[in-house]
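Data first, discussion second: the structure below is written as structure tokens.
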Amino acid sequence: MSEEDELSGRVRRAFGDHGSFEHASGRTFESVTTPFDGSVTAAELENGHVEFDIVVRVPMLSAVVEEGVADVVEDGWYETFELRMEDAGGVTAKEHDLVPEVRRSGGEAVVRVTFTDINERRGVDDAGAVIDYVEGTFVQGIIPGYDYTEPVSSILDQARETAGAGF
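In case it helps, my numbering puts the sequence shown at residues -7 to 159.
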């Protein structure tokens, strides 16, 4: 049995109908609504629940600015990002008691969140909400005064257009 065959039609349909995900391979689905690398790997458990393993990679501040960033600024940015991740459970429809794991890996901050749900559609919705929360938290941490590169420059341009005024 291939890895893809391990998922029932109900779970595959829940991801397919959601609109925020595309099938990547096997049991993994990629987020298509964020400029960051966000994925969800689903596994059906014997008790009928579905486990959702979410991984989102966002660049460290120094990886998206044209000039250098002092270590103290980078460390402070990361610590704040890590603290804000503790509130990720507030964005889900079901209370999952989320415990996000945040770590540095090269020029990225990697967030991993795992939860289970009996309702696959609610679980997919919650996985998308967690990925959106990580992106929003990253955007909240953008520090004015730096010249940003992609994808932050595009995010800022889009925000300016939406707001109708400069930042």
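Ideal Cβ positions, reconstructed from N, Cα and C, are used throughout, including at glycine.
7 Å CB neighbourhood of residue i in its chain, flanking five on each side removed
i	result
Lys86	Asp109, Arg114 and Asp118
Tyr125	Ala80 and Val83
Of the listed residues the options, nearest to residue i (C-alpha basis)
i	options	result
Gly98	Val48, Ala34, Met52 and Thr33	Met52
Pro92	Phe44, Gly133, Ala16 and Ala55	Phe44
Arg104	Ala6, Ser31 and Thr26	Ser31
Asp9	Ser146, Val144 and Gly120	Gly120
Val42	Pro136, Ile134 and Ala6	Ala6
Ile46	Phe28, Val56, Asn39 and Gly40	Phe28
Glu(-2)	Ile123, Glu38 and Gly133	Glu38
Start-to-end residues for the beta strand (DSSP E) that takes in residue i
i	result
Asp89	No beta strand (DSSP E) contains Asp89, which DSSP labels as neither H nor E.
Thr33	Asp29 to Glu36
Limits of the alpha helix (DSSP H) - the one that residue i falls within
i	result
Ala119	Glu112 to Gln132
Ala151	Val144 to Ala155
Glu(-2)	Per DSSP, Glu(-2) belongs to no alpha helix (DSSP H) and is neither H nor E.
Thr106	That residue, Thr106, is in no alpha helix (DSSP H); its beta strand (DSSP E) goes Glu100 to Asp109.
Test item: CB-CB of residue i and residue j under 8 Å
i	j	result
Val50	Phe130	yes
Glu164	Val94	For the chain, the structure presents residues -7 to 159; residue 164 sits outside this window and is missing.
Tyr70	Ala101	yes
Ser0	Phe13	no
Glu127	Thr26	yes
Cβ neighbours of residue i in the same chain (closer than 6 Å, five flanking residues each side left out)
i	result
Ser54	Val61 and Glu66
Asp139	Glu58
Phe116	At residue 116 the sequence reads Val, which differs from the Phe that was named. Ala6, Phe7 and His10, listed in sequence order.
Residues of its chain near residue i, where Cβ-Cβ distance is below 8 Å and the 5 sequence neighbours each way are ignored
i	result
Gly81	Glu87, His88, Asp89 and Leu90
Counterpart residues of residue i in DSSP-defined beta bridges
i	result
Ser54	BP columns for Ser54 are empty, so no partner.
Glu43	Ala35 and Thr108
His15	Phe21
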